Structure formats: C-alpha cells, structure tokens
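Participant: The structure follows.
Chains as they are written, first to last, in my numbering: chain A, 1 to 236; chain B, 1001 to 1493.
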C-alpha cells in the first residue's frame, strides 16, 4: 500500500487555486522533495497533509486512511513547518522530552535519539538554559527538526528545513535525513526552495508551480538539471 | 516624535481590535457611556450623601477628609490594572532614534491612560455643585490639585511597572509603604482625615506649596521612570536576560507524575509560570489572599450580597482571569497540538481540573483569614467558589472557542489593543451579569440574604461539577468542529 495517496486535491482561496493535484502517490520509504517558487503551493500542500487547513475538494490518505478530520496518522507522523510547531516557553530539552512523552517514549528512549542529533544541535542548544522563544531563528529551526525526528516517525514532513541553518548544519541535517531514510525506511516529504539540497538526498522531486505539479522526477533515471533549466527559464 | 506618534496611530488603527464586529464595539461603547453616566450621577448626588452623613461640615470638607482613602484605593486599582502603554521598542533601537526620546514618548503616551481621568467624572460634577458657588478659582484649583494627586499615583505606577527587573520584585518596594499607610489609618484615622482635609482646603485656597510639592514629586518620579525605561531598553535587548533559571523543576515534575492528566498539568503549570502575562496574574494570588479580607474588614456588617459581583472576580481565583483567554495561551503553538495525538476532551478536562484546584488552593487560606475578619462572608465566598468554578468556568471554556486573541507570551499587558476583543468583553460582561439571575432565584427562597445566595450558588456550582464531563465533551466537539477556523486565526497571517 502507498504511504500517501492524493486524489483530486484542491485548495482554493477566492477564485484562485492555490493547489490542484489530480492524483499522486508516494511510496513507503521514499524521500520526496517538493520544489517550487514562492506561492507555488508547497506549504499549503504540507498543511493539508497535516490537516491544519481544509481542502476545497479531494482527499489525502495516509496508509489508506483519510487524513481530514481523523487522528490515526498523528501516531506515525513527525512534522515541523514553522514556529507554530514549537512550544516556545519550554527549553529545547523539555520540549524534546515532552514531545517524546506524547508519542509514548520515556526519557531514556528520547536521550538515545537525542545523542544522534548532538552534533546538529550543537553547544548553543544542548544544555543551554534558554526558552525556545529566546533562541535564534536558526536554532529554533534545529529544535523543530529534531523534535519531529526524535520520535522516530514513519512519516516525516518538513517545510524548508534548510532555511536559516548555517552551512555546516545544512550538510549535517542532509546526512541525518538520508541516514534515517535508509536505516529505518522513513517516508519523508520535504519542501525547499533550494534544489541543491534536495538533489543530493531525494529519490523523487516534485516541481510545483501555481499549485500544479509540473514535473515529477525520479533521479537518477531523470535528469534533475531539467528542474534547474525550468527555474532559469522562469527567471528570464 | 511625529514619526512615533504616526506609528502609534497606525498600530492602533491596524490592530486586531478594529477587525472585530461593529455590534460588539457598539455594545462596549454603550457600557462605557453607562459607567460614565453612573459616575457623573454619583458625583452630582455626592454632596447630598455627604451632607446627610456628616451634617456638621460642608460636603466638600467631608470629601477632602476622604481624599487619602480615595487616592489610596486609586493607587491599589492602578497597581493591579493600569498597564504601561504598549510600545514597539526593538524596531527603533537600530534607527537614529534617541533612547531618551523613546522613553519620553512612552511617558507622554502613558498620561492618556483612562485611569488618570475616570475620577474626574465624579469630581467635576461634585466640585461644580460644592465649590463653584463659593468661587470659580476654588473650583479650578481643586481640579488642578486632584489632577496632581492622580499624577502622583500615575507616576508611582509607571515607575514601578517600567523599572528594569521583575514587576513583582518592584511591587515589594511598595509593601512597607502600604503597611505604614494601613497602620497610620488604623491608629490615627482622625489625624489622617484631618491632614487630608487640610490638603484639600489648601488646594481650594490656591496655596502655592500645596501644588509645588505634588508637582515636584510627579516630576521626580517621571525623571526616574525615564531613566529606568532607558535602562530597561538595554535589558530587553540584552542577551543575558534571555538566560533563565529553570530551577529544580520539582513542581513541574510533581504535576507530570499524575496519571492520565500529568502530561497536560505539567505543561499547564509551565505555561502559567513562564508566560509573563499568565504569571503576572498568578502572582496576584498572595495579594488577593491578604487584600480581600482587608476589604471585607472595612466593609463591616453591610449587606454583603450587594457585592456579590465582586465574588465572581475573586472566588474562582486565578482561573477567572486566566480562562477568559482559554486556548489563546496556546495560540502560538496550536499547530503543534493539532498535529499531535492530543485528545481535546482530555485536554480541556485537564485544564478545568487544574484551575478548579488552583482556585481551591487560593480559597482555603482566604476562608481561614475571613473566619477571623468577617465570618459572615465565609459561606458566601464558598458558595461563589462553586458557582465560579462551575457555570462560569464552563461559560469561559465555551466562549474561548470563539476567542481569536493570539497571545504573545513575552507581553505583560492584558487589557490592551492586542488583548481586548469583543468576545472577551462580552464574556466578562455576561459572567458578571449572571449574578443578577442568581440574585433573582435567591430572592424567592425562604431564607435570609446570604444563606439563600449560598444555596443557589452552591447547588448550581456542584451540578456543573458533577456533569462536567458532559459539557466539556460538548465544548471539545465544538472546538474540533471549528478547528480549521481557529487554527487560521492563531496562525500568522
């Protein structure tokens, strides 16, 4: 069974379609990147995936069951889209443990997972007595990504995870995502403006433009330079 | 300064407040006019009341004897309610805007606070009837003197509330002063009243010293506040203020250990203690426990049921204030809640138990002190506790589903443009007015005044407590149904 199945998914604001995907399937264990310019509909898609907004039409199914109005997918999904996913009056440590508790993990299990992310989190987050609200944007981003991954989800949804990160952290998180995907077979859906980040790790790249899927590429069979050319043409 | 003024106006005009329903704004205006009218009428009839109570003295002299009490009450009110103006500071720090200018601007804006003028709704008609017939100058001098006294209170409050460091710590400065005032009032009431009368008469006679001293106090406090504000700017910017001492976390862990609800209670406690606005309300509990018995001590054997509406504010403890913003406290991370396995029914129930428990913890010492101070209030207070934690909490939790106030945890202010919505206003109004229904039912019971109110409030409250699972389930369902709408309100546009 496919991990995610989308049928006639539409999101409309006024007369304008922000998202219009007739049909799409994502296989289990795939690492799918969503690319597109600003306003392409990437975040709208991810918000619909997490049932944070209501679709105008169609539906999304995770493991065969509809997402809208249901809860079954929450147990297996880790996600981070923006600061709304952070409990900002907790310290990062407290937030990780709390998130772990919600997923039924004890402190030891969370600690074991956190050890994997120790380098990514760095000294600025590890053991620092700061509330999340007082961290820099980059560090908040790190906390959000780690909190989504620390619970070992079957499905991971991240929106622009490379934004605000320093170059070293971008490399580390790319490696961590790839390693987790290969080791545990986590299905990942990651959006990004930056094609370079995705080409290195993704087994599939979906190009969105004005809410529509304009390219659906499976490297290495498909040449991702095609996407690059598409953006260059758009820029002209 | 012109730029700051323009930005303030734009900030006000573009605030969420103006996105709310016109009907509710109209209702707020009507209630505002009603309160103003009530105060004006009170001022008009005050000379007659005073002439009856103190027939051997002209009404204005009797009034002046009470000036100290009026302004002490005004100060207490301001300490709890008056907020410094909400001002964006950080954005200007990197611009060529002088800190001194910014501090002065905040101070000037603070003078527009309604707290500086509400007393004049009583004073103007009162002085018109009592002083104007004596001399026009006396009327104007008395108004100027009263304004200076209000100015002292205003300056004290602004000084305390804008000083660097925690507000609660700053309030401690005032405690010895308050203790001395209370002691003086209790030991030498006659002398205090006489001094107060002399001050009022000095105002009316245009005694220069009577104006110079309060004016000097106001100017000094304003200068201190300006300096404090400029230092506070550094503190607000400074990295060191961002580091926190999480303490031992014993209470967090204590709440976390409870089965079923521990997870939610731990988070609720952390939210309460780490959110400046929420913890500000929480810190008022000790003051309430001391202040309320004092109030009832001075009230004596009056018909206390007349003040039943006051009990609504007090009896539920922290919960009555806090739950007016139910779910808004979580507004900044509601996306997280919506995407995790959180049962809304259990989530709201945990909230209800937590705040009922907290209210009970406040009630116990309060009842204990009241047993010595004014035992007749005990039963009424206990009954009202059930009433507030029953139907009123149910109403607040239900109304919260409609409340779209997005709370910034770093802001202290609650009754400002950001925090005041039509829904919130209506919620408080209905909560207070519901007492009328209680009084009507109590009127038909064959018992004496406090007993019948106690019976009605206790029975209503306990019924709501017994059936709490049922009404909370309805609220949770309503919440889930409105999920998308609520989430979009809570999210940054």
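Just so it is clear, CB atoms sit at the ideal spot from N, CA and C, and this is done for glycine as well.
Because the structure is a prediction, the values reported are computed rather than measured.
To test your reading of the DSSP string, which unbroken alpha helix (DSSP H) runs of 4 or more residues are found completely within the stretch 118–159 of chain A?
Facilitator: Correct list: 118–125, 137–149.
Participant: Name the chain A residues that come within less than 8 Å of residue 1275 of chain B, Cβ to Cβ?
Facilitator: Here the neighbours are 89.
Participant: Within 9 Å of any Cβ in chain B, is that where the Cβ of residue 158 of chain A sits?
Facilitator: Not closer than 9 Å to any Cβ of chain B, the Cβ of residue 158 of chain A fails to qualify, so no.
Participant: What residues in the stretch 1317–1341 of chain B bring their beta carbon closer than 8 Å to a beta carbon of chain A?
Facilitator: From the stretch 1317–1341 of chain B, only 1332, 1333, 1334, 1335, 1336, 1338, 1339, 1340, 1341 have a Cβ closer than 8 Å to chain A.
Participant: Reducing DSSP to helix, strand and coil, say where residue 1133 of chain B ends up.
Facilitator: Coil, per DSSP.
Participant: Which chain A residues sit within Cβ distance under 8 Å of residue 1187 of chain B?
Facilitator: Within chain A, no residue comes near residue 1187 of chain B; the closest Cβ sits about 46 Å away, beyond 8 Å.
Participant: For residue 29 of chain A, collect the residues of the same chain with a Cβ closer than 8 Å to its Cβ; drop the 5 residues on either side in sequence, then sort them by chain order.
Facilitator: If we look at residue 29 of chain A and ignore the five residues flanking it on each side, its Cβ neighbours are 3, 181, 185, 186, 187.
Participant: According to DSSP, is residue 1402 of chain B helix, strand or coil?
Facilitator: Of the three classes helix, strand and coil, the one that applies to residue 1402 of chain B here is coil, per DSSP.
Participant: Could you pull the start and end residues of the alpha helix (DSSP H) that residue 1206 of chain B belongs to?
Facilitator: Where residue 1206 of chain B is concerned, there is no enclosing alpha helix (DSSP H), given that its DSSP letter is neither H nor E.
Participant: Taking contact to mean at least 3 C-beta pairs separated by less than 8 Å, is the stretch 86–104 of chain A in contact with the stretch 166–174 of chain A?
Facilitator: These segments do not touch.
Participant: Within 10 angstroms of its Cβ, does residue 1337 of chain B collect 16 or more other Cβ (buried), or is it exposed?
Facilitator: The residue is buried, with at least 16 neighbouring Cβ atoms inside 10 Å.
Participant: Nearest by alpha-carbon distance to residue 1291 of chain B: which of B:1066, B:1025, B:1076, B:1064 is it?
Facilitator: Of B:1066, B:1025, B:1076, B:1064, the residue nearest in Cα terms is B:1076.
Participant: Could you give the distance in angstroms between the alpha-carbon of residue 1137 of chain B and the alpha-carbon of residue 1112 of chain B?
Facilitator: Each residue's Cα considered, the two are about 25 Å apart.
Participant: Distance check for residue 228 of chain A and residue 21 of chain A, CA to CA, integer angstroms please.
Facilitator: Going by the C-alpha atoms only, they are around 22 Å apart.
Participant: Determine the burial state of residue 18 of chain A: buried for a count of at least 16 other Cβ atoms within 10 Å of its Cβ, exposed for fewer.
Facilitator: The residue in question, residue 18 of chain A, is buried, as its Cβ has 16 or more Cβ neighbours within 10 Å.
Participant: Taking residue 33 of chain A as the reference, give the member of A:223, A:234, A:217, A:235 with the closest Cα.
Facilitator: Of the candidates A:223, A:234, A:217, A:235, the one whose C-alpha sits nearest the C-alpha of residue 33 of chain A is A:217.
Participant: Taking 9 Å as the CB-CB limit, is residue 1491 of chain B close to chain A?
Facilitator: Cβ-Cβ to chain A under 9 Å: yes for residue 1491 of chain B.
Participant: Relative to chain B, which residues along the stretch 51–63 of chain A have a C-beta separation below 8 Å, given in chain order?
Facilitator: Within the stretch 51–63 of chain A, the qualifying residues are 51, 52, 53, 54.
Participant: Keeping to the same chain, check which residues put their C-beta closer than 7 Å to that of residue 114 of chain A; ignore five residues upstream and five downstream.
Facilitator: Excluding residues within five positions, the ones whose Cβ falls inside 7 Å are 96, 150.
Participant: Mind checking if residue 81 of chain A is an interface residue toward chain B, Cβ cutoff 9 Å exclusive?
Facilitator: Yes, residue 81 of chain A lies at the interface with chain B (some Cβ there is under 9 Å from its Cβ).
Participant: For residue 105 of chain A, does the count of other Cβ atoms within 10 angstroms reach 16, so buried, or fall short, so exposed?
Facilitator: Burial call: buried.
Participant: How is the alpha helix (DSSP H) around residue 20 of chain A delimited, first residue to last?
Facilitator: Note, residue 20 of chain A: premise wrong, no alpha helix (DSSP H); beta strand (DSSP E) at 16–26.
Participant: In whole angstroms, what separates the C-alpha of residue 161 of chain A from that of residue 1103 of chain B?
Facilitator: Roughly 40 Å between the two C-alpha positions.
Participant: Quick one: does the C-beta of residue 67 of chain A sit closer than 8 Å to a heavy atom of the ligand ZN?
Facilitator: The ligand ZN is not part of the structure shown, which contains no ligands of any sort.
Participant: Quick test of the definition: if touching needs 3 or more C-beta pairs under 8 Å, does the stretch 1311–1326 of chain B touch the stretch 1279–1291 of chain B?
Facilitator: Yes: the two stretches touch, three or more of their Cβ pairs being nearer than 8 Å.
Participant: When the Cα atoms are used, what is the spatial distance from residue 207 of chain A to residue 99 of chain A?
Facilitator: If I take the Cα positions, the gap works out to 32 Å.
Participant: How big is the Cα-Cα spacing for residue 1037 of chain B and residue 1078 of chain B?
Facilitator: For residue 1037 of chain B and residue 1078 of chain B, the distance between alpha carbons rounds to 21 Å.
Participant: Under the assumption that residue 138 of chain A contacts residue 85 of chain A (Cβ atoms under 8 Å), give the Cβ distance between them as a whole number of angstroms.
Facilitator: The Cβ separation is near 16 Å, so there is no contact.
Participant: Nearest chain A C-beta to residue 1488 of chain B closer than 9 Å, yes or no?
Facilitator: Yes, residue 1488 of chain B lies at the interface with chain A (some Cβ there is under 9 Å from its Cβ).
Participant: Does any residue of chain A have a CB that is nearer than 9 Å to the CB of residue 1263 of chain B?
Facilitator: Chain A, which has a Cβ nearer than 9 Å to the Cβ of residue 1263 of chain B, makes this yes.
Participant: Is the stretch 38–46 of chain A in contact with the stretch 61–72 of chain A, if contact means three or more CB pairs nearer than 8 Å?
Facilitator: Output reads no: the stretch 61–72 of chain A does not touch the stretch 38–46 of chain A.
Participant: At least one CB of chain B closer than 9 Å to the CB of residue 77 of chain A: is that the case?
Facilitator: Yes, its Cβ sits closer than 9 Å to a Cβ of chain B.
Participant: Whole angstroms are fine: how far does the CA of residue 1049 of chain B sit from the CA of residue 1440 of chain B?
Facilitator: Distance between the alpha carbons of residue 1440 of chain B and residue 1049 of chain B: 28 Å.
Participant: For residue 1118 of chain B, which of B:1179, B:1062, B:1043 has the nearest alpha-carbon?
Facilitator: Among B:1179, B:1062, B:1043, the Cα nearest to that of residue 1118 of chain B belongs to B:1043.
Participant: Report the rounded CA-to-CA distance for residue 1287 of chain B versus residue 202 of chain A, giving the unit in angstroms.
Facilitator: When rounded, the distance between both Cα atoms is 60 Å.
Participant: So residue 1270 of chain B contacts chain A; which residues on that side make the cut at Cβ distance below 7 Å?
Facilitator: In chain order: 89, 90.
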